[in-house]
Amino acid sequence: MQPLFMEPVFQEKIWGGSRLKTVFGFDIPNDHIGEDWAISAHPHGVSVVQNGPYKGQTLDALWAEHKELFGQPSEEVFPLLIKILDAEDDLSVQVHPDDTYGLEHEGELGKTECWYIIDAAPGAEIIYGHSATTREELAQMIEEERWDDLFVRVPVKKGDFFYVPSGTIHAIGKGILILETQQSSDTTYRVYDYDRTDDQGQTRELHIQQSVDVTTVPARTPEVSITEVRHGESAVVTYLKTDFFNVYEWQVKGVLNFVKQAPYTLATVIDGYGKLVVDGEVYELELGTSFILPDQITSWEIQGDVKIIASEPGEK
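Quick note on UniProt numbering: the sequence shown kicks off at 1 and runs consecutively.
Here it is, written out as structure tokens:
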């Protein structure tokens, strides 16, 4: 059994830039690419396997037809989506529904996500939370466009990590490069979009009523307990364990060995260069490489000087 290496899927965005090319070396179609959907079975951007016996097959088809690769899961859809985001400009201020609301109103999962800050320009910040104490106050502050009073701004730097559960008002600010681990959902409710227009002079749709419906009020800042286990010069950092996903950073300097902890593991290289060794086979790991370790791979080795963000399905 081989790891499944994934072709990137690029998404053009009004706020996107060119760093997926200049930093990661991807061959992007233009200079307004905001997202690399690195590992995805979502219909808006499905990953294709690059190698091995499943080369050319899509991840959603593998999930449907080869459940054994993923430990015979019960979920109807592949539950996770991994992205690299290049915010050349500010993203809209937005909020995502939970599973109950998302399935009822949009026909898909809700969206809980988390962010690893790959890089951030000096002075970069995110919007992370709000100040309203009641849903009525939230609706009133939005109606009155009291954005500076409503939104909570947080400065960020390279290496920061944020957990963004469904119901959290949030926005990624300009100058930030992010690895996002999220539920497989593309439902976004925009609260505010800076009144900007596209090439045709059109503003993007806002979703005020849905935003008020799904926002957690009052806002709650989720507790994140980050732990690190050293292995010589290497380390495994555990950022998060939730019902939806577990998220780790593999910091490898030299050699680090792993034993499977979940039915499948997702991984993306965010810094450096290394090699993945599975059953004696060696695979090159370059910046931006994304892969899945299926259920049949019970142990593996990472060599080199490399940082990888890895995730597993939660135990929901």
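Don't be surprised by glycine CBs; every beta carbon is placed ideally from N, CA and C.
Bear in mind that the values here come from a model prediction, so they are computed numbers and not experimental data.
- prompt: Helix, strand or coil for G52 per DSSP?
  reply: helix
query: Among all the DSSP beta bridges, which residues are the ones paired with Q303?
result: V255 and K275
- prompt: Beta-carbon separation of residue 317 and G102 under 8 Å?
  reply: Since the first residue shown for the chain is 1 and the last is 316, residue 317 is missing from the structure and cannot be characterised.
- request: Work out the CA separation of C114 and E164 for me, nearest whole Å.
  value: Here residue 164 turns out to be Val, not Glu, going by the sequence shown. Rounded to the nearest angstrom, the two C-alpha atoms are 5 Å apart.
query: Alpha carbon to alpha carbon, how far is Y264 from A235?
result: 21 Å
task: Report buried or exposed for K111, applying the criterion of at least 16 other Cβ atoms within 10 angstroms of its Cβ.
output: buried
message: Considering only their Cβ atoms, is the gap separating E106 from T168 smaller than 8 Å?
response: no
task: Look at the alpha carbon of E281 and the alpha carbon of P3, and state the distance between them as a whole number of angstroms.
output: 10 Å
query: How long is the line joining the alpha carbons of Q261 and Y239, rounded to whole angstroms?
result: 15 Å
message: Taking the beta carbon of P97 as the centre, do at least 16 other beta carbons fall within 10 Å, making it buried, or is it exposed?
response: buried
query: Who pairs with R190 in a beta bridge, going by DSSP?
result: Q94
query: In this structure, what does DSSP give as the bridge partners for E65?
result: Answer is none; E65 lacks a bridge partner.
field: Segment contact, 8 Å Cβ cut-off, at least three pairs: the segment 9–27 with the segment 65–81
entry: no
Check whether P155 and E180 have beta carbons under 8 Å apart: no
field: Burial state of H44 (16 or more Cβ within 10 Å)
entry: exposed
task: Starting from Y264, follow the alpha helix (DSSP H) in both directions and report where the run begins and ends.
output: From DSSP, Y264 is part of no alpha helix (DSSP H); its letter is neither H nor E.
Span separating the alpha-carbon of E286 from that of G314: 27 Å
query: Does the segment 218–225 come close enough to the segment 128–135 that 3 or more CB-CB pairs lie under 8 Å?
result: yes
query: Is K83 closer than 8 Å to E143 when the C-beta atoms are compared?
result: no
message: Within a Cβ cutoff of 8 Å, which residues of the same chain sit near K158, ignoring the five residues on either side of it in sequence?
response: I117, I118, D119 and A120
- request: Would you tell me roughly how many angstroms separate the C-alpha atoms of R298 and A310, rounded to the nearest one?
  value: Per the sequence shown, the amino acid found at residue 298 is Thr instead of Arg. About 15 Å.
query: Under the rule that 16 or more other beta-carbon atoms within 10 Å means buried, what is E312, buried or exposed?
result: buried
Own chain partners of W63 with C-beta closer than 6 Å, once the 5 adjacent residues on each side are dropped: A41 and F78
- prompt: Buried or exposed: where does V237 fall if 16 or more other Cβ atoms within 10 Å of its Cβ makes it buried?
  reply: buried
- request: Could you tell me how far apart the beta carbons of S166 and V191 are, in whole angstroms, since I believe they sit closer than 8 Å?
  value: Wrong, their Cβ atoms sit about 14 Å apart, outside the cutoff.
- request: Can you give me the start and stop residues for the beta strand (DSSP E) that R153 sits inside?
  value: F151 to P155
field: Nonlocal neighbours in the same chain, by C-beta distance under 8 Å from L138, ignoring five residues either side
entry: H130, A132, L150, V212, T215 and V217
query: Rounded to whole angstroms, how far is the Cβ of F5 from the Cβ of F258, which I believe are closer than 8 Å?
result: Contact doesn't hold; Cβ gap of about 17 Å is too wide.
message: Taking the alpha carbon of E7 as the reference point, which residue from V247, I302 and I28 has its own alpha carbon closest?
response: I28
query: Under three-state DSSP, which class holds T100?
result: helix
- prompt: If you draw a straight line from the alpha carbon of K55 to that of V48, how long is it in whole angstroms?
  reply: 8 Å
message: Please classify V269 as buried or exposed, where buried requires at least 16 neighbouring CB atoms within 10 angstroms.
response: buried
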